[in-house]
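Quick note, the sequences are listed as chains R and W, same order.
For the first sequence, the numbering used here begins at 1 and goes up steadily by one.
For the second sequence, the numbering used here begins at 1001 and goes up steadily by one.
Backbone N, C-alpha and C define an ideal beta-carbon position, used for all residues, glycine too.
Predicted model only: the values in this text are computed from it and were never measured.
First up is the structure itself, then whatever we jot down about it.
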Amino acid sequence: MKFPRFSRFWGCLAGFTGGYVLLILGMLVAMALYATPSHILQALRSREIQHAIQLSLITCSITSILSLFIAIPSGYILARTKFPGKSWIEAILDIPFVLPPMVIGLSLLIFFQTSVGQLIESVLPLTYTVYGVVLAQLVIGAAFAIRTMRGTFEHLSERPESVALTLGCSRAKAFCLVTLPAARRGMFAAASVAWARSLGEFGPILVFAGATRMKTEVLPTTVWLELSSGNLEAAISVSLLMVVFAVLVLVAVRRAGERV
Amino acid sequence: MSLPPYLFLLLFVMLSPAGCKKDAKHQGPAALTVYCAAGLRKPLESVAAAFQKEYGIEVQFQFGGSGTLLSQIKISRSGDLFIAADDSSIELARKSGVAQDVIPFVTQTPVIGVKAGNPKSVKGFADLFDPALRVALANPEAASVGKSVRNAASNRWEELANKTTVMKPTVTEIAADLSLGAVDAAVIWEAMATQFSGIEAIYAPELDAQQERASAAVLSASSHAADALKFARFLADPKKGGAILASAGYKLLSEDHRSSKNSSLRD
C-alpha cells in the first residue's frame, strides 16, 4: 500500500477520520492539562487508590485468561462448524454487546438470588466480592474475545489441520499441535481486547460487586467515587492512569499484528 | 465545483434540527433542571407534577447521591436547583459559591432497613457490627445517609466499614439490594421504608441523633432563578408540596419539635 496522492476523495475521508482523532486527542489533552504531576502523585499515594490499581490489574488479567478459555472453543466451533440453531446461539452470544452494562450487573445480582445461584454462592461467594468483579468483567470480556477468536479461526486455512488428520492426528491433537500455535497472535489479541475492556468496566461491577473501598473498588469505580466526593483532580489522575494502561495494551495488540 | 451527493445528504441531516429549534421557542417557559438526592425521588416527582399542573413549568430531574450531584454542579456550572438530603452538602455548596437561597423542607431520619418481618431479628445499631449480618451502606462521600452512619458510628466507623458487605453510591441502590434479598440490613432514610416493597424500619437512638434536613438551594448558575425559587417555595409549602411529602411519610419542618440544627445556615 503506498501513500495515496491527494485528491478530493482522500481529502474527504481524511477529514472525517481526522475529526474523530482530534476529538479523542482533545479529550485526552484537556484531562492532562487539568491534572498536575503533584495531583497524580498524591492520588498514587492514597491507600485506597493503590488497592484499586492492584485489584484492577489482577482482576483484568484473570478475566483475560478466563475469556480465552471460553473464547477459543467457542470461536472454533462458530468458525468451523454448522449446526441447527447456530444463528440463535450467535444472537445469544451477541447479547452482552447489546445489553446496557448496568442491566448485566442487575441480571447477575438477580440470578445469584435464585435457588441455583444461591447453590453456587454457597460454594463460591460471588455477589459483592472480588470474584464477582471478575465474573462481571468476564461476561463482557468473553463476548469480545469470542468475536476476535472467531475471526482468527475463520481466517486460518483448514488445510494444515486436514493434513494433520491425514497424517494420523486425532482431532484434539490436530487442534493443539496445528491450530492453536497458528492462532497464537489472535489469542494474544483476544486476551488483550478482553483485558482492555475489563479495565474500563464499571456498570456491572457497581451493581453486582458494589463500590466498597479496599474491597471491590477497581479503577473505574475509583474515578466515580472521587468524582462523587468532589475530588476532581484525583478522578482525572486515575483516568489518565487508565489511559496509559490502555494505550500500552493496545500498542501491544497492534504489534501482535492481528486485527482487533 | 459540484458537491458529491452524499455531502448534500449530510448537510441536510445536520441542518434540519436547526429548523426544528425555531418551533421550540414558541412553547411555554423553559424547564427547570433540578439536581435531586436519589432518596427523595418518588415524592419529588409527585411534587413536580403538581407544580407543573399549577404553574405550567416543567421540572427535569437529575438524580444521584448528594455528594455526587454537588460535584456535577461544580463541574457543569449549570442547573437551577440543588436538593440535597443533608445540611453539610448544602453548606459545601454555599462555600463553593454554587448555591444561593436555601429553603429546608423536611427532616429525614436514618433507620436500619430490614426485610418485612425482621427475619434476622435486628434490634439496634450494635447489630450492624454482627459478622453474621450482611449489611449494605451508602458511600459516605457520595450519599448523605452514608455520612449519617459514619457520624453515628464515630470512632467505630473503620470497624463498621471493614465489616460492611457492600457499599453503593446511592441510598436507592442499597434499598433495592435489600428488597432483592442480597443483604439483610441497609441504613436508609425512614420514609424510604414505605416506598420500597417488603422493607421494614428499625429505629436506633444512634441514628435518630443523626436526623438530617433536606433542603432546596437555588443555584448561582441558574438562568431561571425566580422559577427555581418558586419551585423551592412550593416544595416547602405545607399546603402544596408539603402535603404530598407528608402523605408519603415525611416529617415537615414545621412539625419538627427539635430546634434548627445548623446555625451557620441562618443569615
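Smallest Cα separation from residue i: which of the options?
| i | options | result |
| --- | --- | --- |
| A1300(W) | T1170(W), S1222(W) and G1249(W) | This structure cannot settle anything about residue 1300(W), because the visible part of chain W is limited to 1001 through 1267. |
| G1308(W) | A1037(W), T1033(W) and P1043(W) | In the structure as shown, chain W starts at 1001 and stops at 1267, and residue 1308(W) therefore has no counterpart that could be examined. |
| A1093(W) | I1244(W), I1075(W) and V1106(W) | I1075(W) |
| W195(R) | T36(R), F9(R), L68(R) and R8(R) | L68(R) |
| G1067(W) | G1113(W), A1084(W), E1054(W) and F1051(W) | A1084(W) |
| P181(R) | Q50(R), F245(R) and F153(R) | F153(R) |
| L78(R) | L240(R), R147(R) and S115(R) | R147(R) |
| I1112(W) | S1078(W), Q1052(W), D1208(W) and A1214(W) | D1208(W) |
| H39(R) | A252(R), A234(R), V247(R) and L248(R) | A234(R) |
| A1153(W) | F1129(W), A1176(W), A1175(W) and A1143(W) | F1129(W) |
| R150(R) | G117(R), Q118(R) and E90(R) | E90(R) |
| Q1100(W) | K1240(W), L1253(W), K1251(W) and A1232(W) | A1232(W) |
| G1079(W) | L1252(W), L1229(W) and A1243(W) | L1229(W) |
| A1176(W) | V1114(W), A1161(W) and S1071(W) | V1114(W) |
| F188(R) | L177(R), L135(R), M31(R) and R255(R) | R255(R) |
| P160(R) | A172(R), T179(R), A143(R) and R171(R) | T179(R) |
| Q1211(W) | L1081(W), V1047(W), D1087(W) and G1039(W) | D1087(W) |
| A1270(W) | S1071(W), R1077(W) and L1081(W) | Here chain W covers residues 1001 to 1267 and nothing more, so residue 1270(W) does not appear. |
| G1117(W) | S1220(W), A1185(W) and A1226(W) | A1185(W) |
| F1125(W) | E1206(W), K1095(W) and A1143(W) | E1206(W) |
| G210(R) | E158(R), M102(R) and L241(R) | M102(R) |
| V1166(W) | F3(R), V133(R) and S46(R) | V133(R) |
Could you work out which residues of chain R lie near residue i, taking near to mean beta carbons separated by less than 9 Å?
| i | result |
| --- | --- |
| L1178(W) | Here the premise fails: no neighbours, minimum Cβ distance about 12 Å. |
Less than 7 Å between C-beta atoms, sequence neighbours within five positions excluded: which residues of the same chain meet that for residue i?
| i | result |
| --- | --- |
| S56(R) | L199, V218 and L219 |
| S1179(W) | F1196, S1197, G1198 and I1199 |
| L124(R) | Y131 |
| R8(R) | none |
| E121(R) | F112 and T127 |
| L28(R) | V243 |
| L250(R) | A196 |
| P96(R) | I104, V139, I140 and A143 |
| F245(R) | L199 |
Starting from the C-beta of residue i, find all residues in its chain whose C-beta is less than 6 Å away, skip the five residues before and the five after it, and write them out in chain order.
| i | result |
| --- | --- |
| P1029(W) | I1057 |
| L165(R) | A174 |
| P1140(W) | G1146, K1147 and R1150 |
| L1069(W) | Y1035 |
Under 8 Å between beta-carbons, which chain R residues line up against residue i? List them in chain order, please.
| i | result |
| --- | --- |
| I1075(W) | L232 |
| G1249(W) | Per Cβ cutoff of 8 Å: no residues; G1249(W) is ~27 Å from chain R at best. |
| G1067(W) | S228, S229 and G230 |
| S1223(W) | Going along chain R, no residue has its Cβ under 8 Å from S1223(W), so there is no contact; the nearest lies around 24 Å. |
| L1070(W) | G230 |
If we count the other Cβ atoms within 10 Å of its Cβ and call it buried at 16 or more, is residue i buried or exposed?
| i | result |
| --- | --- |
| F6(R) | exposed |
| L1235(W) | buried |
| F16(R) | exposed |
| D94(R) | exposed |
| P1110(W) | buried |
| A71(R) | buried |
| Q54(R) | exposed |
| H1224(W) | buried |
| Q50(R) | exposed |
| Q118(R) | exposed |
| P204(R) | buried |
| M1192(W) | buried |
| Y76(R) | buried |
| T81(R) | exposed |
| E201(R) | buried |
What in chain W is Cβ-close to residue i, meaning under 9 Å?
| i | result |
| --- | --- |
| A32(R) | The premise fails here: A32(R) is roughly 17 Å from chain W at the closest Cβ pair, so nothing lies under 9 Å. |
| T17(R) | The contacting residues do not exist; T17(R) stays about 15 Å from chain W at best. |
Who are the neighbours of residue i on chain W, taking C-beta pairs under 8 Å?
| i | result |
| --- | --- |
| L225(R) | N1139, E1141, A1142 and P1169 |
| S157(R) | Neighbours of S157(R) on chain W: none; closest Cβ ~38 Å, over 8 Å. |
| S122(R) | What S122(R) touches in chain W: nothing, since even the nearest Cβ is about 14 Å away. |
Show which residues of chain R have a CB atom less than 7 Å away from the CB atom of residue i.
| i | result |
| --- | --- |
| A1182(W) | L109, Q113 and T127 |
| T1194(W) | Under the 7 Å cutoff, chain R gives no residues; its nearest Cβ is about 23 Å from T1194(W). |
| V1166(W) | Y128, G210 and T212 |
| L1207(W) | In chain order: nothing, as chain R lies at least about 21 Å away. |
Apart from the five residues on each side of it in sequence, which residues of its chain come closer than 8 Å, Cβ to Cβ, to residue i?
| i | result |
| --- | --- |
| D1237(W) | none |
| A1031(W) | I1057, E1058, V1059 and Q1060 |
| A191(R) | S64, I65, S67, L68 and A145 |
| M1014(W) | none |
| T1194(W) | A1248 and G1249 |
| L1253(W) | P1104, F1105, V1106, T1107, R1213 and A1236 |
Could you check whether the Cβ of residue i sits closer than 8 Å to any heavy atom belonging to the ligand GTP?
| i | result |
| --- | --- |
| L1235(W) | What this structure holds is no ligand at all, so the ligand GTP is not there to describe. |
If you measure from the beta carbon of residue i to each beta carbon in chain C, is any gap under 9 Å?
| i | result |
| --- | --- |
| N1162(W) | Reference to chain C is not applicable here, since the protein chains of this structure are R and W. |
Query - Where the region 194-216 of chain R meets chain W: residues whose CB sits under 9 Å from a CB there - result: L206, V207, A209, G210, A211, T212, R213, M214, K215 and T216
Requested in this report: Taking a Cβ distance cut-off of 8 Å, strictly less, list which residues of the region 1076-1108 of chain W are near chain R, in chain order.
Outcome: L1092
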